[in-house]
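2 protein chains.
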Amino acid sequence: MKRDYVNVFKALSDPSRIRIIKMLFERELCMCEIREILHLSNSTVSQHLTILRNAGLLADDKEGRWVNFRLNRRSESPFIRSVLKLVKESFDDDAVIRADTRTVHQVDRNRICGIRTRTTKPSE
Amino acid sequence: MKRDYVNVFKALSDPSRIRIIKMLFERELCMCEIREILHLSNSTVSQHLTILRNAGLLADDKEGRWVNFRLNRRSESPFIRSVLKLVKESFDDDAVIRADTRTVHQVDRNRICGIRTRTTKPSE
DNA sequence: TCGTCGTTTCGTTAAGTAACGAAATATAGG
DNA sequence: CCTATATTTCGTTACTTAACGAAACGACGA
């Protein structure tokens, strides 16, 4: 209860996690979509998502075999809401962030997922 | 140049550094005043201040043998200014932060400093 | 110029973090 | 039930971080 805010800032202290949050401002994503865009392993992405969820920044809904991750925009914590607002308004001058924002709208979950657990591209 | 924001969030990911920033919203402080309030060693406090300064959150002015640390309120970075605003508006419900805010107005640099390098109380 | 005192730097140690592959869970469909 | 698939958990490894004391630095004042 006491110093949760430290965990929020720690959650934000990683480029991959900032990228995840910025992508989630565009739309909900499942783990394997994020994995595909970030080029990280399943377990690594899952860890990042756990950290963001434990910090109170993310929520998730199960939809069949997928888990849809989304921003916790309606958090009861004013601090969380302020932080999300800050992130929403920042980093748009970053080339990687801009590329992600574009990519995230072109990703089709049904093409990308479905090949075991993989880090390489689906075309291979 | 690319991902400085990660260093900003890392700088905020420590309770002592949040306490320092919140105290600096009250007034400028020298290193030994901060050391006294946080009960940490010289070198640890100096490290914290370096991290905050490198992140762009702090500036300092030399005044004789003292170095006065202050918030970098006039940073040219909108992100830094937004972050400082966020911190200013947060954490006031934290008991430690509230105690610090009170203490910082009672601290007299000339009583507290001046006994070599020390972590214990000045009354001893 | 010689201490003194505020601050910084150095070297070390203990603890925390990010990454991965492999194994374990859980859920839909045949 | 059995298999495929999406996600999580486990165990390991390399790296980072926070803390300290000791030593160095730098600016005043006797």
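First to last, the sequence lines map onto chains A and B.
Residue 80 in the numbering used here is what sits at position 80 of the first sequence, and the numbering runs on without skipping anything.
Take any residue in the second sequence, count from 1 to its spot, add 124: that is its number in the numbering used here.
Where is the CB? At the ideal position from N, CA and C, for every residue including glycine.
Under 8 Å between C-beta atoms of residue i and residue j
i: B/D217; j: B/R143; result: no
i: A/L57; j: A/V8; result: yes
i: A/I21; j: A/V87; result: yes
i: B/L164; j: B/F193; result: no
i: A/S13; j: B/S167; result: no
i: A/S90; j: A/R81; result: no
i: B/V220; j: B/R151; result: no
i: B/L195; j: B/R141; result: no
i: A/A59; j: A/A11; result: no
Paired residues, beta bridge with residue i - DSSP
i: B/K146; result: DSSP output for B/K146 lists no bridge partner at all.
i: B/F193; result: B/L153, B/D184
Cβ-Cβ separation, residue j to residue i (assumed contact under 8 Å), whole Å
i: A/R109; j: A/C30; result: 6 Å
Any C-beta of chain B under 8 Å from that of residue i
i: A/D14; result: yes
i: A/S82; result: yes
i: A/K10; result: yes
CB contact below 8 Å: residue i versus chain A
i: B/V130; result: yes
i: B/F203; result: yes
i: B/M125; result: Reliability of the predicted coordinates at B/M125 is poor, the pLDDT of 37 falling under 50, and no value is obtained from them.
Original post:
Quick one, which residues of the segment 210-236 of chain B are near chain A if we go by CB-CB under 9 Å, in chain order?
Top reply: Only L210, E213, S214, F215, D218, A219, V220 from the segment 210-236 of chain B bring a Cβ to less than 9 Å from some Cβ of chain A.
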